[in-house]
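Working notes, structure below.
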Amino acid sequence: MPSIITADGAVHQLPKQLKGYEIAKQLSAPKNIVAVKINGIPGDLSGLVPDKAKVEFIQREEFLGLEILRHDCAHVLAQAVQELFPRTQITFGPAIENGFYYDFARDTPFTPEDLPKIEKRMHEIVNRNLPITRHIWTREHAIQFFKSKGEAFKAEHISTIPANEEISVYQQGDFIDLCTGPHLPNTGQLGKAFKLTKISGSYWRGDAKNAKLQRIYGTCWATEQQLKDYLHQQEEAEKRDHRRLGRTMGLFHLQEEAVGSVFWHPKGWTLYRTLENYVRSQIAHHDYREVRTPLLFDKSLWEKSGHWEKYRKDMFVFQEEEQILALKPMNCPAHVQIFKQGITSYRDLPLRMAEFGCCHRNEASGSLHGIMRVRSFTQDDAHIFCREDQVVGETIAFCRLLEKMYHDLGFPEFTVKLADRPALRAGTDDVWDKAENILHEAVKKAGLSYTVNPGEGAFYGPKLEFYLKDSIGRVWQCGTLQVDYIMPERLDASYIAEDGSKKRPVMLHRAVLGSLERFLGILIEHHGGRFPLWLAPVQVVVANITDASAVYAKNVYEQLQQLGVRTEIDTRNEKITYKIREHSESKVPLIFVVGTREAEQQQVAIRRLSGKDQDILSLAEALKHVQQEAKQP
RNA sequence: GCCGGAUUAGCUCAGUGGUAGAGCAACUGAUUUGUAAUCAGUAGGCCGCAAGUUCGAAUCUUGCAUCCGGCACCA
Numbered sequence: 005m006p007s008i009i010t011a012d013g014a015v016h017q018l019p020k021q022l023k024g025y026e027i028a029k030q031l032s033a034p035k036n037i038v039a040v041k042i043n044g045i046p047g048d049l050s051g052l053v054p055d056k057a058k059v060e061f062i063q064r065e066e067f068l069g070l071e072i073l074r075h076d077c078a079h080v081l082a083q084a085v086q087e088l089f090p091r092t093q094i095t096f097g098p099a100i101e102n103g104f105y106y107d108f109a110r111d112t113p114f115t116p117e118d119l120p121k122i123e124k125r126m127h128e129i130v131n132r133n134l135p136i137t138r139h140i141w142t143r144e145h146a147i148q149f150f151k152s153k154g155e156a157f158k159a160e161h162i163s164t165i166p167a168n169e170e171i172s173v174y175q176q177g178d179f180i181d182l183c184t185g186p187h188l189p190n191t192g193q194l195g196k197a198f199k200l201t202k203i204s205g206s207y208w209r210g211d212a213k214n215a216k217l218q219r220i221y222g223t224c225w226a227t228e229q230q231l232k233d234y235l236h237q238q239e240e241a242e243k244r245d246h247r248r249l250g251r252t253m254g255l256f257h258l259q260e261e262a263v264g265s266v267f268w269h270p271k272g273w274t275l276y277r278t279l280e281n282y283v284r285s286q287i288a289h290h291d292y293r294e295v296r297t298p299l300l301f302d303k304s305l306w307e308k309s310g311h312w313e314k315y316r317k318d319m320f321v322f323q324e325e326e327q328i329l330a331l332k333p334m335n336c337p338a339h340v341q342i343f344k345q346g347i348t349s350y351r352d353l354p355l356r357m358a359e360f361g362c363c364h365r366n367e368a369s370g371s372l373h374g375i376m377r378v379r380s381f382t383q384d385d386a387h388i389f390c391r392e393d394q395v396v397g398e399t400i401a402f403c404r405l406l407e408k409m410y411h412d413l414g415f416p417e418f419t420v421k422l423a424d425r426p427a428l429r430a431g432t433d434d435v436w437d438k439a440e441n442i443l444h445e446a447v448k449k450a451g452l453s454y455t456v457n458p459g460e461g462a463f464y465g466p467k468l469e470f471y472l473k474d475s476i477g478r479v480w481q482c483g484t485l486q487v488d489y490i491m492p493e494r495l496d497a498s499y500i501a502e503d504g505s506k507k508r509p510v511m512l513h514r515a516v517l518g519s520l521e522r523f524l525g526i527l528i529e530h531h532g533g534r535f536p537l538w539l540a541p542v543q544v545v546v547a548n549i550t551d552a553s554a555v556y557a558k559n560v561y562e563q564l565q566q567l568g569v570r571t572e573i574d575t576r577n578e579k580i581t582y583k584i585r586e587h588s589e590s591k592v593p594l595i596f597v598v599g600t601r602e603a604e605q606q607q608v609a610i611r612r613l614s615g616k617d618q619d620i621l622s623l624a625e626a627l628k629h630v631q632q633e634a635k636q637p
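Quick note: the first sequence uses our numbering, first residue 5, plus one each step.
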């Protein structure tokens, strides 16, 4: 008599070998299960469960369950598309965060009007409640089958599957797709909680050199409520869009005649400088020395540095009389020029050279995005010139600085990746071995856990990448630290060692924020424009209720200004509700409301952006509070 | 760079071949107001740019530019 073991360790005798869903019924498992883990491996509910197997059911709400639903949804999408658009080839259709997509090969692209039609057909397929069945095929049969159906991409994919792996296909009605599974027992269980969201071009196997494909994205959830919540959350995220807030808060604008460059308006520039000065104060504590280097260099420098060979396609280059000039895409070669002035002793190392360096990169037109991805940007850059035995210590110190800064800026969590040698690179494998080893050692000694990001290093060296998570869960790569043995060699930088010999320094390229433009975009979206007081471009608006309190309002305003608080005064002939609404919409953190009562008693009523209540304080107290709270960390 | 979509007043958007519209903002006046929109009036447009079709184009066609969503690339 066969048996199975449930998660709690109990052994259940069965009359005969049963399928997953039959066992679920027998054990009165919850109704919302989508698959079954057999000895820890996810499988179909419609498969037979072997004797003495350990059985755990997967519910639709849990991570694995959602993945199965989403993957099912991708199959239903593919079936719907093939029914509506015959001769469309299927390629890949994975589950992704919040949903799924499917890439199709088709001559005519989909249009937005197609989505509702396809979605309608998907619901029909769900309502057909088709059984979903798994079949194991031989490689030859599978290739033959897909070829006969005109599915060239599927056939090609099968031929790249390792020989020791079995070929499984899933069938629902007439639709058959290659897939490892698991899947639901039938299409009906998918339910209604899905929606097609966008269309896009893509490339076969993600490579721009390959065939162009048409991608359809969708979102899919365990319940309709979850779908509704997700769509609502997307709407909320849109309200944080830095491009929208940048306009409504009067921070910056962009225009056609200067594509990829930012026009900073007074308030935005205040924000920018506040952030820049914060960085300046932090690196000063770590013995950095700030410099300023040219933007424009002769081609010969870029040839020496290797940029001409490895980075030329991203550089702005032009000819002026007999000279070929390029705007710098990075600051490193310029910093080496300062390092090379005079003779450097080992005693001078480590030498930490910082610059808010303005760089230009000719980014692909399709990649530009608000102020987050521009062609003219400023890095919080620095290069640490040091001896090899100082690399580990410098890396640790940098990690401490970065932790502090991310914390201060409202990002307590970050993760680390180590990106190693890329295909297109300068230097020998020996040098790369050395650089990668030392970086692994350094990050471990800094006490940070990390993962490896293969092949993503800079052309001159491996790098640490620091990723932070914003308030709505998105992840951004900001900080970086790169170990470089190559640039000092190429640009002939040296120092005099203790024994009097000439040696090459190691260069650490490092940034905490990355680009100020991009980081400000992230900050705007992270806070939804509601900056902490120290960052807010306008910290306080003083608003009077009637003309009777205008003189007092002016007095309060002037006192705030005296203390260096960024203040505006609003004595317009408008109702206080109107003023409050307007300043709240432009995200001013504090409104000092003054009427005749406040004027008589030398008080202010403080209204915070976050709250509905007001605090009534004496003016002296209020000033003290604001000054305290507005202090830069 | 690739695939789609969009481009109309400062902003958000109507307007599918026949005299360019609304709300908000702006300006002017009235109102002196107590915690997220006081009322009335005025002004504001080469309908992204360029060609074409047509008696006639914001509207149809083509090209270009920019923006948006993805892809690819990436700070």
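Beta carbons are placed, not taken as given, at the ideal position from N, Cα and C, and that holds for glycine.
Can you give me the Cβ contacts of residue i inside the same chain, cut-off strictly under 8 Å, excluding the 5 residues immediately before and after it?
i: P337; result: F301, L305, W306, K308, S309, H311, M491 and L495
Spatial neighbours of residue i within its chain, please: C-beta separation below 7 Å, excluding the five flanking residues on both sides.
i: Y282; result: Q636
i: S475; result: H530
i: I165; result: I171
If you run the structure through DSSP and keep just helix, strand and coil, what is residue i?
i: K421; result: strand
i: C482; result: strand
i: T382; result: strand
i: D12; result: coil
i: Q193; result: helix
i: V85; result: helix
i: V2; result: Given that the chain is displayed from residue 5 to residue 637, the structure contains no residue 2 and the question cannot be resolved.
i: M491; result: helix
i: E324; result: strand
i: D211; result: coil
i: S369; result: helix
i: K448; result: helix
i: G69; result: helix
i: P116; result: coil
i: L299; result: coil
i: M357; result: strand
i: E169; result: coil
Please classify residue i: is it buried, with 16 or more other beta-carbons within 10 angstroms of its beta-carbon, or exposed?
i: T432; result: exposed
i: N548; result: buried
i: Y582; result: exposed
i: A430; result: buried
i: M511; result: buried
i: S553; result: buried
i: D437; result: exposed
i: P90; result: exposed
i: T191; result: buried
i: F67; result: exposed
i: I526; result: buried
i: G361; result: buried
Report the option in the options whose CA atom is closest to the CA atom of residue i.
i: A497; options: E469, D55 and Q345; result: Q345
i: L644; options: H364, K199 and A624; result: Given a span of 5 to 637 for the chain in the structure shown, any question on residue 644 remains unanswerable.
i: E260; options: S369, E26 and L31; result: S369
i: V266; options: C403, L520 and I375; result: I375
i: K23; options: Q30, K41, K56 and G51; result: G51
i: S614; options: E26, E589 and E625; result: E589
i: V321; options: L329, K202 and C77; result: L329
i: Y315; options: Y464, G69 and E65; result: Y464
i: L134; options: F389, N559, L188 and M5; result: L188
i: R404; options: N102, E87 and Q286; result: Q286
i: Q86; options: G177, I136, I171 and M5; result: G177
i: E228; options: Q218, D245, E240 and G195; result: G195
i: Q327; options: P54, K303 and P333; result: K303
Residue i and residue j look like a contact to me (Cβ under 8 Å); what is the Cβ gap, rounded to whole Å?
i: V592; j: A609; result: Not confirmed; about 15 Å, so no contact.
i: V726; j: V630; result: What the structure shows of the chain is the stretch from 5 to 637, and residue 726 is not part of that stretch, so it cannot be assessed.
i: F415; j: L472; result: 4 Å
i: K243; j: G532; result: 7 Å
i: A84; j: R125; result: 4 Å
i: N36; j: R64; result: 5 Å
Take residue i and list the residues in its own chain whose beta-carbon comes closer than 6 Å to its own, dropping the five residues that flank it on each side.
i: P638; result: The structure shown does not extend to residue 638, since the chain is modelled only from 5 to 637, so the question has no answer here.
i: E3; result: Missing from the structure shown is residue 3; the chain here goes from 5 to 637 and no further.
i: L119; result: L200
i: D574; result: V545, A547 and K583
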